[in-house]
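Peer 1: Mapping the sequence shown onto numbering that gives the first Met the number 0, position 282 (from 1) lands on 281, and the numbers just tick up by one. Ideal placement from N, C-alpha and C gives every residue a C-beta, glycine not left out. Take a look at this one; I'll ask things after.
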Amino acid sequence: MASNTSMVLNDATAADPASAGAAPDISVVIPVYHERENLPDLVARVGEALGVTRWTFELICVDDGSRDGSAALLADLARTRPWLRPVALARNYGQSTALQAGFERARGRYIVTLDGDLQNDPLDIPALIERLESDPDVDMISGWRHQRQDKALSRRLPSMLANRLISWATDVRLHDYGCALKAYRREIIERLHLYGELHRFIPSLAREVGARIVEVPVRHHARTRGQSKYGIDRTFRVILDLVLIVFFLRYRQRPLHAFGGLGLWLLAPGALILLYLLGVKLAGEDIGARPLLLAGVMMVLMGVQLIVAGLIGELLVRIYHEGSARPQYHTRALPAPDAGERQP
């Protein structure tokens, strides 16, 4: 993956001797923003949950420009924990960028994400990894907070509406898109590139790159320290981002079908209107002052412009794939044949 070193003020990867050793089995990536009060317990709980398992692990905490001393505290905690790798971004970029920064530094075969507010329980991580190891038909596991402890209606209502809307629009049916506790196979993360606020739609993006997704219930705890960063206004941002993700998933490689289709819907009736008015004109009637003439001309012009925009989009897609050598598809390993089906 490409490295965004220009965004990083202090990257502990270079200073951490563990980064030069063997890659761990699990990389836990946690974006952090103004969570200083929760960090000691968070780091301790991750260590307790994974330290007793058979897997090696690393914890990558990405401080997203906090101004409460979170970065300094993470650096202090890392002095006695070789598996803790803090990263400090130069300013607040948002959760998607913080996750991407962590993904680019993750070295594990499995990658787990969770929030830094202690509402997700690190004790759920081993069960998620066991599922990935035992079931080759699963590439991503999304947590479902089936017994949410959030009491505020300003959090529960927007979340419920967003989950239903996103499931309907993307056709990836999940109960809880907002749960940060998720586990992935490494190859899925390597195919994803997050920006803006696309972290809300990671399951949809993961399915687009070939991930087979399951949802499992996980524990959820009420926030006891710090303040929530979410509110009712988040719902409106989700709607705008949903327009982007639907376009991205359906028309990324065929923008002419989106713009051209809409253009034809305008061009066809506009052309029929003008043909009708032409017949009226030939019959001797005056059409210069008729509003229908202006409507027909505008519809034809807008339709032509949209079709041209679609053609330009097709050229850009071609340049994107051929110039950057990015694949248009992904493959997975073929399943091994059953012993009974092998030829003697």
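1. Quick one, are the C-beta atoms of Ile-110 and Tyr-183 less than 7 Å apart?
2. Report yes if the CB atom of Asp-63 is closer than 7 Å to the CB atom of Asn-37, and no otherwise.
3. Determine the contact status of Glu-214 and Gly-115, defining contact as a CB-CB distance below 7 Å.
4. Measure the CB-CB distance between Val-217 and Gly-142 and report whether it falls below 7 Å.
5. Grab the span of the beta strand (DSSP E) containing Ala-179 for me, first residue to last.
6. Give the list of continuous alpha helix (DSSP H) stretches no shorter than 4 residues that lie fully inside the segment 55-91.
7. Kindly list the residues whose CB is nearer than 7 Å to the CB of Gly-260, restricted to its own chain and excluding five residues on each side of it in sequence; keep chain order.
8. In whole angstroms, give me the CA-to-CA distance for Ala-21 and Phe-258.
9. Starting from Gly-142, follow its DSSP beta bridges and name the residues at the other end.
10. Take Val-299 as the anchor and find which of Leu-58, Ala-288 and Leu-271 has the nearest alpha-carbon.
11. Here's the rule: buried if 16 or more other CB atoms are within 10 angstroms of the residue's CB, otherwise exposed. What is Ser-133?
12. Which word fits Arg-331, buried or exposed, when buried means at least 16 other C-beta atoms lie within 10 angstroms of its C-beta?
13. The beta strand (DSSP E) spanning Val-27 covers which residue range?
14. When the Cα atoms are used, what is the spatial distance from Ala-43 to Glu-321?
Peer 2: A quick look at the data gives this:
1. yes
2. no
3. no
4. yes
5. Run containing Ala-179: none; DSSP gives neither H nor E here.
6. 69-77
7. none
8. 49 Å
9. Val-215
10. Leu-271
11. exposed
12. exposed
13. 25-31
14. 47 Å
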